[in-house]
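First comes the structure, then the notes that go with it.
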Amino acid sequence: MAAAGDAPRQPATQTWQITNYQLQIARYNRCFLFKALTPMALDENIYQLRRQKLAQIEALGQRAYPHKYQTTHEIPQILADYKDRTAEQLGDPKVEVRIAGRIMAIRLMGKAGFAHLQQGGQRLQIYVKKDDVGEPGFQLWKLLDIGDHIGVRGYLFRTRTGALTVHVQELTFLSKDLLPLPEKWHGLTDVELRYRQRYVDLVMNAEVRDVFVRRSKVVQSIRRFFDAHGYIEVETPMMQPIAGGAAARPFITHHNTLDLDLYLRIAPELYLKRLVVGGLDRVYEINRNFRNEGISTQHNPEFTMLEFYQAYSDYRDLMDLTEELLAQVAHEVTGSTVVRYGGHEIDFANWQRLSMREAIQKYWPENAGPKPQMRDFASAECVGALVRRFNAAHHPHMPYDPTDPAGKTIAALFEAVAEEHLIQPTILYDFPAAISPLSKKKQDEPEWVERFEIFIGGLECGNAFSELNDPEEQLRRFEDQVRQRQRGDEEAMAEVDYDYVRALSYGMPPTAGEGIGIDRLTMLLTGSPSIRDVILFPLLRPERKTAAEEDTEAE
RNA sequence: GGGCGCGUAGCUCAGCCGGUAGAGCAAUGCCCUUUUAAGGCAUGGGUCGCAGGUUCGAAUCCUGCCGCGCUCACCA
8 MAAAGDAPRQ PATQTWQITN YQLQIARYNR CFLFKALTPM ALDENIYQLR
58 RQKLAQIEAL GQRAYPHKYQ TTHEIPQILA DYKDRTAEQL GDPKVEVRIA
108 GRIMAIRLMG KAGFAHLQQG GQRLQIYVKK DDVGEPGFQL WKLLDIGDHI
158 GVRGYLFRTR TGALTVHVQE LTFLSKDLLP LPEKWHGLTD VELRYRQRYV
208 DLVMNAEVRD VFVRRSKVVQ SIRRFFDAHG YIEVETPMMQ PIAGGAAARP
258 FITHHNTLDL DLYLRIAPEL YLKRLVVGGL DRVYEINRNF RNEGISTQHN
308 PEFTMLEFYQ AYSDYRDLMD LTEELLAQVA HEVTGSTVVR YGGHEIDFAN
358 WQRLSMREAI QKYWPENAGP KPQMRDFASA ECVGALVRRF NAAHHPHMPY
408 DPTDPAGKTI AALFEAVAEE HLIQPTILYD FPAAISPLSK KKQDEPEWVE
458 RFEIFIGGLE CGNAFSELND PEEQLRRFED QVRQRQRGDE EAMAEVDYDY
508 VRALSYGMPP TAGEGIGIDR LTMLLTGSPS IRDVILFPLL RPERKTAAEE
558 DTEAE
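If you number the first sequence the way this note's numbering does, the last residue is 562 and the count never jumps.
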């Protein structure tokens with residue numbers, strides 16, 4: 008390594024040059040980052056160089072971390088308002104602007120140069136000329152790096168090549184980027200890095216930004232819809248002593264002062280219905296649920312759910328409401344009710360409604376014999392025969408446990424036979440009572456309940472039912488769930504929520520309720536194939552140093 | 001958890017019939033006052049994910065592990 012011998016050759020006037028010798032010294036004084044993190048996406052040499060530049064910038068009289076910068080325009084606004092103005096129109100009268108942004112490209116040309124400033128997700132070119140910004144301004148200009156934040160004052164003009172540009176008269180330093188941004192052309196493509204360092208992903212990839220802007224519009228549109236339909240938005244506990252309202256394994260946490268184990272909620276359902284008992288006839292909540300289960304392109308351990316409840320209504324009312332809601336959201340968010348997803352055109356204004364049994368009949372494979380009749384769903388024996396016919400004709404075989412109740416097998420049969428075909432928006436209704444412990448039974452068929460699920464693009468993205476409001480039947484169904492759980496059914500509920508039964512005992516009006524997965528809905532409306540693409544910070548294993556690295560640090 | 005794939009410079013990627021590493025961008029120095037993937041000249045930068053093994057010799061072959069992706073299972 009070249010050491011102190013190199014130092015004298017560096018021109019004394021350009022003190023931001025870093026010699027190897029200086030770098031060696033700097034390493035004795037390592038930044039916390041390099042002690043705390045793996046080398047992933049860290050470049051220590053550049054980091055130290057830029058610290059030196061930051062000191063130089065301060066020496067020029069700029070503050071390293073100023074508190075604010077007053078702008079007159081947003082970059083997207085300038086682009087929208089002036090993109091069609093000619094050079095002449097921009098020259099008289101001059102359009103004075105003060106803008107701020109992150110430098111995304113620099114083109115130095117002797118005593119002048121260009122840069123692109125990015126702000127509000129868009130880029131505008133600036134032109135810096137020594138004659139106009141003066142000697143100190145130009146010294147600052149030469150100390151800037153890609154990734155730095157600056158503010159500029161100047162006026163709009165068009166270059167010879169016609170590019171709308173800010174002719175800079177004053178440069179203000181705002182914040183230093185000490186770590187190099189990814190390459191300007193390919194950006195950041197490594198999927199793991201994109202998730203781990205979403206902040207860099209957002210800087211580099213405009214489409215990613217668009218996805219999350221659109222996600223925000225989805226939620227706004229939903230709120231507008233429910234607010235206009237007489238609902239109030241509420242927030243119910245995320246930490247619950249009993250994890251109820253769904254069948255899923257919960258996360259456990261602990262409250263120290265109360266010395267109390269709590270569960271992160273798997274659903275808000277039982278609390279929202281308590282509110283309906285209390286006279287809040289129309290409530291909705293948009294918030295996180297937590298399920299301690301597998302991770303996949305459709306499952307994140309924490310996910311966002313819309314749940315809403317409407318008194319004096321049944322599941323038929325919610326079918327109508329759902330179609331209206333999702334058509335509105337799709338239109339407000341994308342500009343059309345028709346979206347492309349996974350190679351399909353999906354029309355959120357064009358729904359089909361099928362009962363679960365109809366769906367099995369409709370999509371029954373040709374080679375599995377005659378289509379099932381309604382009476383084939385009537386008993387466990389008949390349903391078992393259907394499964395055997397299906398499995399004889401179809402691979403992979405669907406799992407089948409003859410000791411399961413018929414309803415559970417029918418639901419599994421539906422998943423195997425029909426689910427993948429439900430690309431266009433579908434309301435799939437009438438579910439087996441056996442898998443629906445919180446739903447009200449159909450009047451004419453006690454083995455079936457008034458429940459529906461929403462399928463779009465092959466994704467299950469909603470679940471709704473007429474709410475069971477008979478406290479004694481609810482208690483029996485809870486107890487039945489607990490018995491199933493004790494028999495080893497991990498999906499069954501673990502504990503009876505007696506307070507919920509008590510609440511129902513005060514009388515809940517006839518009520519229908521529904522949950523819609525915001526993440527999956529956003530996937531559909533943004534063309535995202537993975538749920539991680541619509542969650543800003545999906546759960547990943549933490550970065551960990553290897554044992555060798557730990558040893559080095561310990562020295 | 002099973003199967004398949006990936007992991008090389010800050011980023012994007014070559015190299016992978018074993019002979020101790022390359023390109024572009026980014027960075028550093030010099031030139032350049034309307035460029036836009038600016039350009040020209042020069043320079044620095046790598047525990048080839050980690051740990052073992054085979055070999056005279058491993059980024060390359062083998063095994064284990066770690067991380068990520070896809071997929072199946074799981075998961076209303």
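All C-beta atoms in this analysis are idealised placements derived from N, C-alpha and C, irrespective of residue type, glycine included.
Three or more Cβ pairs drawn from the stretch 393 to 402 and the stretch 418 to 430 lie within less than 8 Å of each other, which places the two stretches in contact. In this structure, Arg105 lies near Gly158, with their beta-carbon atoms less than 8 Å apart. Thr79 counts as exposed, since fewer than 16 other C-beta atoms from the protein chains shown sit within 10 angstroms of its C-beta. Under the 8 Å Cβ criterion, the stretch 429 to 444 counts as touching the stretch 455 to 464, having at least three qualifying pairs. In the three-state reduction of the DSSP assignment, Trp455 falls in the strand class, which pools E and B. As computed with DSSP, Phe315 is found in a beta bridge with Tyr291 and Glu521. Going by DSSP, Met500 is part of no beta strand (DSSP E) at all; its letter is neither H nor E.
Shown here for Ser535: same chain residues with a beta carbon closer than 8 Å to its own, the five before and five after excluded, namely Val218, Thr529 and Val541 in chain order. Using a 10 angstroms sphere on the CB of Asp504, the tally of other CB atoms reaches 16 or more, which defines it as buried. Sequence-distant partners of Glu497 (beyond 5 residues in either direction) whose C-beta falls short of 6 Å from its own C-beta are missing from its chain. In this structure, Glu474 sits near Lys280, with a CB-CB distance shorter than 8 Å. The C-beta of Ile133 has 16 or more other C-beta atoms within 10 Å across all chains shown, which makes the residue buried.
Secondary structure at Gln63: helix, using DSSP grouped into helix, strand and coil. Taken atom to atom, the span from the alpha-carbon of Met245 to that of Ala253 is near 14 Å. Beta-bridge partners of Gly469 (DSSP): Ile461 and Ile523.
Bounds of the beta strand (DSSP E) holding Thr179 are Leu171 to Ser182.
When only Cα atoms are considered, Gly285 and Leu49 end up about 55 Å apart.
Taking a contact to require three or more Cβ pairs closer than 8 Å, the stretch 88 to 97 and the stretch 165 to 177 qualify as touching. At the C-beta level, Gly524 and Met312 come within 8 Å of one another. Boundaries for Ala107: no alpha helix (DSSP H) harbours it, while the beta strand (DSSP E) harbouring it runs Glu103 to Met116, taken from the DSSP string. With three or more CB-CB distances shorter than 8 Å, the stretch 504 to 518 counts as touching the stretch 467 to 482. With respect to Gln317, Arg289 sits close: the two C-beta atoms are nearer than 8 Å. Within the model, the alpha-carbon separation for Glu339 versus Lys224 is close to 8 Å.
Taking 8 Å as the cut-off, the Cβ atoms of Asp155 and Asp184 count as close. Inter-segment contact for the stretch 205 to 217 and the stretch 230 to 244 is absent: fewer than three beta-carbon pairs are separated by less than 8 Å. For Glu352, the uninterrupted beta strand (DSSP E) run begins and ends at His351 to Asp354, by DSSP. Straight through space, the alpha carbons of His261 and Leu267 are spaced by roughly 6 Å. Residue Ile64 holds the alpha-carbon nearest to the alpha-carbon of Leu150 among Glu177, Gln84, Ile64 and Tyr319. Within its own chain, the residues whose Cβ lies closer than 6 Å to the Cβ of Ala423, once the five positions on either side in sequence are excluded, are Met405, listed in chain order. Comparing C-alpha distances from Glu103 to each of Ala112, Arg109, Gly117 and Glu81 shows the shortest one belongs to Glu81.
DSSP lists Gln125 as the beta-bridge partner residues of Arg130. The alpha carbon of Gln359 has as its nearest neighbour, out of Pro372, Gln380, Thr329 and Tyr348, the alpha carbon of Thr329.
The shortest CA-to-CA distance from Ala255 to any of Ala274, Cys468 and Val283 is the one to Ala274.
Taking C-alpha positions only, Leu209 is separated from Val198 by approximately 13 Å.
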